[in-house]
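*Asks:*
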Amino acid sequence: MAQIQFKGKSFVQNHHLLVKYHELIPKKDKSLTDKVSLHDNLIVHGDNLKALKALLPLYAGKIKCIYIDPPYNTGNEKWAYNDNVNSPMMQEWLGKVVDREDLTRHDKWLCMMMPRLKLLRELLRDDGSIFISIDDHESHHLRCLMDDVFGAENFIACIVWHKMDSPKNTAIHLSEDHEYILLYARNGQQWRPNSLPRTQAMVNRYKNPDNDPRGPWLLSDLAARNFYDEGRYPITTPSGRVIHGPPAGSYWRVSKERFDQL
């Protein structure tokens, strides 16, 4: 599988292993409760790379869901690369604001993200997942980086959300009305979404007029337009009438074997 390449990658691939552990020290005067504990809800103040490393002894392999909102690298955010990596090139990057004119801004962003994503992955349970907010400036790079760190097989979805009620009249080309939330699992085979319960309106759509022992069912069109190798075969209706195949230009949604099960 192809992997993303960028300046500094060889120096940051294992940088998360070199980050020193820092002890998390509870601050009683900042607590909302009388009892101060590292095993309750936490707000960690400090450099996020060091904070993630400090969380590992307590929470490695225990986190069910992570959400992060990294810099979008628009060129207007005035963020700077500040990881102390042992590379002369990257030492030159330290403390310098990343703007639109910076020809290495995508490299710097990827170098900043990689060690953090590796630590975040270590925090997740096998059935855990991570949601990352991003926009068009880095979404394509982030997808490739996540494939590298989490594995392409653990990609779940790229969720598109509409961020504006009306389009930008000042847009030069197309109005950018949406952003993304990239979703990956620690292990895609074990992750399951926490679905909302069915409403009564949903339940009411299903009936059982023929007392089918399998329970209520919903009448649905069996034909689809997408080509399917096993999607053309005759069907015999309950009245005995034979339908020799789906309508012209369409295919049955399921195979003959699956249809007989239904």
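In terms of this note's numbering, the sequence shown has 119 at position 128, counting the first letter as 1, and numbering is strictly consecutive.
Backbone N, C-alpha and C fix where the C-beta goes; we use that ideal spot for every residue, glycine too.
(1) Using C-beta distances below 6 Å, list every residue in its chain close to Ile54, excluding the 5 sequence neighbours before and after it, in chain order.
(2) Identify which residue in Asn195, Ser211 and Ile123 has its Cα closest to the Cα of Leu173.
(3) For Val35, collect the residues of the same chain with a Cβ closer than 6 Å to its Cβ; drop the 5 residues on either side in sequence, then sort them by chain order.
(4) Check the C-beta distance from Cys102 over to Val3 and give it rounded, since I have them as a contact under 8 Å.
(5) Straight-line CA distance for Ile163 to Arg91?
(6) Leaving out five residues on either side along the sequence, give the residues of the same chain with a beta carbon under 8 Å from the beta carbon of Asn217.
(7) For Asn64 and His235, I'd like the C-alpha separation in whole angstroms.
(8) Based on the DSSP output, what are the partners of Thr227 in its beta bridges?
(9) Within a Cβ cutoff of 7 Å, which residues of the same chain sit near Leu40, ignoring the five residues on either side of it in sequence?
(10) Return the chain-ordered list of same chain residues with a C-beta closer than 8 Å to the C-beta of Ile125, the five sequence neighbours on each side being excluded.
(11) Less than 8 Å between the CB atoms is what I'm expecting for Lys198 and Pro207, so what's the real figure, rounded?
(12) Using the C-alpha atoms, what's the distance from Leu165 back to Lys159?
*Replies:* To lay it out plainly:
(1) For the purposes of this step, residue 54 is taken as the residue at position 63 of the sequence shown. Cβ within range, chain order: Leu114, Leu115 and Gly119.
(2) Position 182 of the sequence shown, counted from the start, is the residue given in the question as residue 173. For the residues Asn195, Ser211 and Ile123, the minimum Cα distance to Leu173 belongs to Ile123.
(3) Here residue 35 corresponds to residue number 44 of the sequence shown, with the count starting at 1. Contacts found: Ala42.
(4) Within the sequence shown, numbered from 1, the residue matching residue 102 stands at position 111. Within the sequence shown, numbered from 1, the residue matching residue 3 stands at position 12. Yes, Cys102 and Val3 are in contact; Cβ-Cβ is about 5 Å, under 8 Å.
(5) Stepping through the sequence shown from its first residue, residue 163 is reached at position 172. Stepping through the sequence shown from its first residue, residue 91 is reached at position 100. Taking C-alpha positions only, Ile163 is separated from Arg91 by approximately 17 Å.
(6) Numbered from its first residue, the sequence shown carries residue 217 at position 226. Here the set comprises Tyr242.
(7) If you number the sequence shown from 1, residue 64 lands on position 73. If you number the sequence shown from 1, residue 235 lands on position 244. Spanning the two alpha carbons is a distance of roughly 58 Å.
(8) In the sequence shown, the residue the question calls residue 227 occupies position 236. Per DSSP, Val233.
(9) Taking the first residue of the sequence shown as position 1, residue 40 is located at position 49. Hits under 7 Å: Val10, Asp74, Pro106 and Arg107.
(10) Walking along the sequence shown from the start, residue 125 turns up at place 134. The residues are Pro61, Tyr63, Leu133, Glu170, Tyr171, Ile172 and Leu173.
(11) What you label residue 198 is simply residue 207 of the sequence shown in a count that begins at 1. What you label residue 207 is simply residue 216 of the sequence shown in a count that begins at 1. Indeed, because the Cβ distance is near 6 Å, the residues count as touching under 8 Å.
(12) Looking up residue 159 in the sequence shown gives position 168. Looking up residue 165 in the sequence shown gives position 174. Roughly 8 Å separates the two Cα atoms.
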